[in-house]
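All remarks here apply to the structure that follows.
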Amino acid sequence: MENEISTGQYAKKWGLIYGLVTLVIALVPLILEVQAQWTGFLLIAVAIFCYVMATREFKRDNGGYMTFGEGFRICITAALIAGVLRSVVNYIYVKVIDPGVTDRIAQAMQDAWREQGMSEEQIEQMSGFSSGFSNPEIGLIVGIILVLLGGLIWGSIVSAINKNEAEEF
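With this note's numbering applied, the sequence shown closes on residue 181, and no number is skipped along the way.
Quick look at the structure:
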């Protein structure tokens with residue numbers, strides 16, 4: 013009987029790559045204290061790239077075959093690894109290294125709302141709503157959930173495109 017290759021090794025490798033690259037993309041604006049609107053698009057592009065590379069590598073090493081389930085398992089596990097890595101390091105940065113970052117982000121959001129012409133009452137209302145999301149503990153959980161949600165969506169698409177199931181005789 014042939015040795016079956018494990019999806020786990022590909023998920024771990026590409027999950028770590030995905031997590032480390034997106035960690036740098038997320039932390040650089042915080043460290044430099046700049047607003048970066050381009051990071052969201054870049055984070056999605058890196059996720060898709062890593063999912064494609066992980067599933068292609070698995071398929072190549074598996075004789076050209078990969079089921080949708082195998083591809084999806086690779087993508088969602090990579091997303092979990094990346095999400096936990098990025099969220100935990102981000103939490104440590106915000107909680108220990110630079111606790112003032114949340115106040116700077118809140119101030120930048122208020123300034124942007126003023127530029128858009130919002131009244132002080134509207135800004136106060138929006139600040140009250142968004143203050144719950146600036147809590148580092150909530151950010152930790154939401155960060156993991158958002159990466160997993162992206163893994164569900166983009167991982168499903170990548171797995172459906174890259175699958176190549178063996179013919180049954």
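Cβ atoms here follow ideal geometry from the backbone N, Cα and C, with glycine treated the same way. Note that the structure is predicted; figures quoted are calculated from it, not measured.
Test item: CB-CB of residue i and residue j under 8 Å
i, j, result
"residue 20", "residue 89", "yes"
"residue 86", "residue 66", "yes"
"residue 174", "residue 76", "no"
"residue 155", "residue 102", "yes"
Three-way DSSP call (helix, strand, coil) for residue i in this model
i, result
"residue 176", "strand"
"residue 18", "coil"
"residue 137", "helix"
"residue 112", "coil"
"residue 102", "helix"
"residue 119", "helix"
Beta-ladder partner(s) of residue i, from DSSP
i, result
"residue 78", "176"
Cβ shell of residue i (< 8 Å), same chain only, five flanking positions each side left out
i, result
"residue 70", "17, 19, 22, 78, 82, 83, 86"
"residue 137", "none"
Integer-rounded CB distance, given that residue j should sit under 8 Å from residue i
i, j, result
"residue 126", "residue 117", "About 15 Å; that fails the 8 Å criterion."
"residue 97", "residue 42", "With 8 Å as the limit, residue 97 and residue 42 do not qualify as a contact, their Cβ atoms being about 16 Å apart."
"residue 159", "residue 60", "Rounded, the Cβ-Cβ distance is 13 Å, inconsistent with contact."
"residue 40", "residue 58", "With 8 Å as the limit, residue 40 and residue 58 do not qualify as a contact, their Cβ atoms being about 13 Å apart."
Contact set for residue i: own chain, Cβ-Cβ below 7 Å, skip 5 residues either direction
i, result
"residue 26", "62, 65, 66, 90"
"residue 153", "none"
"residue 31", "93, 94, 97, 98"
"residue 105", "39, 42"
Neighbourhood of residue i by C-beta distance below 6 Å, restricted to the same chain and skipping five residues each side
i, result
"residue 51", "37"
"residue 162", "59"
"residue 128", "none"
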